[in-house]
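For reference, the structure discussed in these notes is given below.
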Amino acid sequence: MHKEQDKKIPFDSPDFVASLAAGLNVLLTFDESHSSMTLSEVAERANIDRAKARRYLLTLHALGYVHKDKRQFSLTPKTLSIGASYLGGVHHHDIIQFYLERVTEQTGESCSFAVLDGDDVVYIARSAAKHRLLSISISVGTRLTAAYTSMGRAILANLPNEQLESYVDSVELVSHTPHSITDRNQFLQVLQQAAEKQYAVVDQELDTGLLSLALPVYKANKELIGAINISTNASRISHDALMEQFLPILRDCAAQIQTYYV
C-alpha cells in the first residue's frame, strides 16, 4: 500500500506547486459543519490572508466548483466528480459493495471498507444498517481518525515497523470518550495485539455506545489494501457475540474480496 514509487516530494521542492496546494486546501475547508462560509471564514480555516482566499474562491467559482451567493460561498455538485474519478479507479468496487451488503443482510449491522490516508481512514464503500450508531452520519468519502477506529487500527497494526513507530510517535491521542486510549505505550500495545490477532476491536473509544470490529484486507500476494468492519451497539451486542457470531462472517467477507485481487 506504501510503495517506493509513491514517495512524496518535499514542500520546498521546485516541482511543488504551492498555489495548487493552497487552492485544494481551500476546497477542503468546507465540510459538514462549514457547508457555507464567508470569505473571512474560508481565509481563517485555510490559514491564508483574505486576498489569497478571494482569488482562490473566485477561480474555483469560475471553474464551477464553488457557488457564490452574495457573501456566502459553498461547494457545488461538480466537486463530486473528483471523488467519483477516484472511486471509478478503485479495483472491484462493485464487488466490495456486494460483499458488504451481504454482511449487513447476515448481521443486521453496518459494514464498511476503508483505506488509510495520512492520519485518517477514508470510507470507500459502505452498507448501512437501518439503525444509526454514530452521532455523525457516515457515507462514502467520510474521514475519521485512524487511531480511534477499528479499521484504522487494523490497517495501522500491519504497517512496516518503522512506519508504525513514526505514526505512534507523532499522532495526537485525544479523549473522545472516557474509554479513549491516550497513553502512547498502551496504544502501541493495542496495535501489536491487533497485528497478532489480525483483527481490531474498538469499544466506545470514538463515540459512546459504538462497538466496532475490523479486519485488514489483503491482495492474494499479501499486499495490504485496506480494512473492513462491522459497527454495532455495545449495549446490544456483547464482546463474546462479536467474536463468535460476527468475526467468522467478517473473515469470510475479507477472504471473498481477496480472491478478486490476484
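Per our numbering, residue 1 is the first one in the sequence shown, and the count goes up by one each step. Glycine included, each C-beta is placed from N, C-alpha and C at the ideal position. Quick caveat: nothing in here was measured; it's all calculated off a predicted structure.
Whole-angstrom C-beta distance between residue j and residue i, which should lie under 8 Å
| i | j | result |
| --- | --- | --- |
| residue 225 | residue 261 | 7 Å |
| residue 212 | residue 229 | 5 Å |
| residue 22 | residue 48 | 6 Å |
| residue 152 | residue 103 | Rounded, the Cβ-Cβ distance is 19 Å, inconsistent with contact. |
| residue 137 | residue 123 | With 8 Å as the limit, residue 137 and residue 123 do not qualify as a contact, their Cβ atoms being about 11 Å apart. |
| residue 116 | residue 146 | 6 Å |
Beta-ladder partner(s) of residue i, from DSSP
| i | result |
| --- | --- |
| residue 68 | 73 |
| residue 230 | 111, 213 |
| residue 123 | 114 |
| residue 28 | Residue 28 is not bridged to any residue. |
| residue 37 | 73 |
| residue 145 | 120 |
Close Cβ partners of residue i (< 7 Å) along its chain, the five nearest in sequence each way excluded
| i | result |
| --- | --- |
| residue 15 | 9 |
| residue 148 | 176, 180, 202, 205, 206 |
| residue 107 | 230, 246, 249 |
| residue 2 | With a pLDDT of only 45 at residue 2, under the threshold of 50, the placement of this residue in the model should not be trusted; the figure read from the coordinates follows. Cβ neighbours of residue 2 beyond the five flanking positions: 163. |
| residue 54 | 39 |
| residue 188 | 168 |
| residue 251 | 215 |
| residue 142 | 123 |
Through-space distance from residue j to residue i, alpha-carbon basis
| i | j | result |
| --- | --- | --- |
| residue 18 | residue 101 | 42 Å |
| residue 199 | residue 50 | 47 Å |
| residue 5 | residue 12 | Confidence at residue 5 is low in this model, with a pLDDT of 46, below 50, so its placement is unreliable and the value that follows should be read with caution. Looking at the two C-alpha atoms, the distance is approximately 19 Å. |
| residue 164 | residue 150 | 16 Å |
| residue 154 | residue 194 | 6 Å |
| residue 126 | residue 56 | 33 Å |
| residue 71 | residue 26 | 16 Å |
| residue 119 | residue 144 | 9 Å |
| residue 236 | residue 52 | 51 Å |
| residue 191 | residue 59 | 44 Å |
| residue 215 | residue 160 | 17 Å |
| residue 32 | residue 170 | 27 Å |
| residue 221 | residue 196 | 19 Å |
| residue 24 | residue 244 | 45 Å |
| residue 208 | residue 105 | 25 Å |
| residue 80 | residue 99 | 24 Å |
| residue 36 | residue 69 | 10 Å |
| residue 242 | residue 184 | 26 Å |
| residue 178 | residue 93 | 36 Å |
Nonlocal neighbours in the same chain, by C-beta distance under 6 Å from residue i, ignoring five residues either side
| i | result |
| --- | --- |
| residue 131 | none |
| residue 29 | 42, 45, 46 |
| residue 110 | 128, 129, 231 |
| residue 182 | 173, 175 |
| residue 95 | 260 |
| residue 238 | none |
| residue 97 | 125 |
| residue 82 | none |
Same chain, Cβ closer than 8 Å to residue i, neighbours up to 5 away in sequence not counted
| i | result |
| --- | --- |
| residue 217 | 113, 224, 225, 226, 227, 228, 254, 257, 258 |
| residue 67 | 61, 73, 74, 75, 76 |
| residue 219 | 225, 258, 261, 262 |
| residue 34 | 41, 45 |
| residue 64 | 76, 78 |
| residue 7 | none |
| residue 186 | none |
Chain D within 8 Å of residue i, Cβ atoms only
| i | result |
| --- | --- |
| residue 172 | Included in the structure is just one protein chain, with no chain D present. |
Checklist line | Inside the stretch 158-225 only - alpha helix (DSSP H) runs reaching at least 4 residues | finding: Those alpha helix (DSSP H) runs which fall completely within the stretch 158-225 and span 4+ residues are 161-170, 184-197.
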